[in-house]
Structure formats: C-alpha cells, structure tokens
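>
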Amino acid sequence: MLAEYKNILVPVDGSGQSEDSFKKAVAIAKRNNAALHLIYVKDTRNVPLSPEYESRLTEAYKDMEYEFLDEMMTFATNEGIEIKKSVTNGNPMTLIAEAFPKEYNIDLIVIGATGKGAITRAFVGSVSNYVVRHAPCDVLVVRT
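As structure tokens, this is what we get:
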C-alpha cells in the first residue's frame with residue numbers, strides 16, 4: 068500500500084526550476100490532502116559580509132523575495148492547500164535536508180534539480196544532490 072504524504076517541504080529560490088517544483092508539490096499536496104511547507108533559504112555559506120552591509124543587502128532584496136513567496140502562497144491557497152512559509156539565512160543543504168524535515172515532521176521533499184546557484188554549485192556542490200543523499204524522508208527531484 069502506498070503511503071500518504073502529510074507534510075511536504077518545497078524549497079524555492081526564485082528560479083524557474085523551483086517554480087516548477089513548487090507547482091508539482093502543490094499538486095501532490097492536493098492529492099494527499101497534505102500541508103505544504105514553503106521555504107526560502109538565503110545562502111550565506113560564501114558571503115562573508117559585515118553586519119552593517121548584510122542588513123542593507125537584506126533590506127534591498129526583501130521586497131522582491133517576499134513578493135515571489137507571496138505569489139506562491141496565494142497560488143497554493145487558491146488551490147485549497149494549507150501552506151506555511153519560512154524565510155531564513157544559512158546553509159540550504161543542511162537546512163533543507165536535515166533541520167526542516169525534523170522540525171516540521173516532513174515526509175516528502177519536492178526540490179528542483181537546479182536553481183540559481185550555478186557558481187556556488189561548482190564550488191560547494193548541488194543542494195538537490197545533498198538533499199537526496201541526506202534527507203530522512205522521500206525526495207522528489209523535479210526536472211524541466
């Protein structure tokens with residue numbers, strides 16, 4: 068018998084690939100009557116900023132980020148999906164694969180195969196690759 072998913076995590080980064088994975092996650096959540104956890108992690112692994120500069124940069128991107136996330140929240144709500152949003156700074160690999168699944172009792176992660184971080188991926192590795200190898204739950208990698 069196939070398990071029913073109850074808590075689905077979908078990390079997004081503003082890329083077309085993450086939008087595709089989000090829409091697939093919404094469809095899966097709808098079929099399973101599951102809650103959707105939308106997360107946006109500002110990757111701070113390779114950004115050694117002074118606290119003063121970091122706060123200015125955060126403010127500059129804040130409106131754009133929340134607009135993107137708010138559109139996704141509206142889309143999911145219009146589809147009848149219970150959705151929660153989290154925005155945080157840190158290492159997306161460990162947060163997506165380890166911290167968030169534990170904190171929210173996630174049983175499925177829906178993630179895009181690639182995102183915005185092509186340069187970072189070349190130096191520190193693919194987030195989706197790390198998630199597949201380290202997540203304690205099922206992982207669906209969405210390709211376009």
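Numbering-wise, the sequence shown is residues 68 to 211 according to this note's numbering.
Every residue, glycine too, gets a C-beta built ideally from N, C-alpha and C.
For a minimum of 4 consecutive residues, which ranges assigned as the alpha helix (DSSP H) are wholly contained in the segment 136-185?
Runs of the alpha helix (DSSP H) inside the segment 136-185: 167-171.
> Please classify residue 141: is it buried, with 16 or more other beta-carbons within 10 angstroms of its beta-carbon, or exposed?
As a working mapping, residue 141 is identified with position 74 in the sequence shown. Counting Cβ neighbours within 10 Å, residue 141 comes out exposed, since fewer than 16 surround it.
> Taking the straight line between their C-alpha atoms, what separation do you get for residue 167 and residue 80?
What you label residue 167 is simply residue 100 of the sequence shown in a count that begins at 1. What you label residue 80 is simply residue 13 of the sequence shown in a count that begins at 1. C-alpha separation (whole angstroms): 16 Å.
> So within the segment 84-111, which uninterrupted beta strand (DSSP E) runs reach at least 3 residues, ignoring any that extend past its ends?
Correct list: 102-110.
> Express the C-alpha separation of residue 145 and residue 202 in angstroms, rounding to a whole number.
Here residue 202 is taken as the residue at index 135 of the sequence shown, counted from 1. Here residue 145 is taken as the residue at index 78 of the sequence shown, counted from 1. Those two C-alpha atoms are separated by around 29 Å.
> Can you say whether residue 137 is buried or exposed, counting buried as having 16 or more other CB atoms within 10 angstroms of its CB?
Start at 1 with the first residue of the sequence shown, and residue 137 comes out as number 70. That one is exposed.
> In the DSSP output, which residue or residues are listed as bridge partners for residue 74?
Start at 1 with the first residue of the sequence shown, and residue 74 comes out as number 7. 102.
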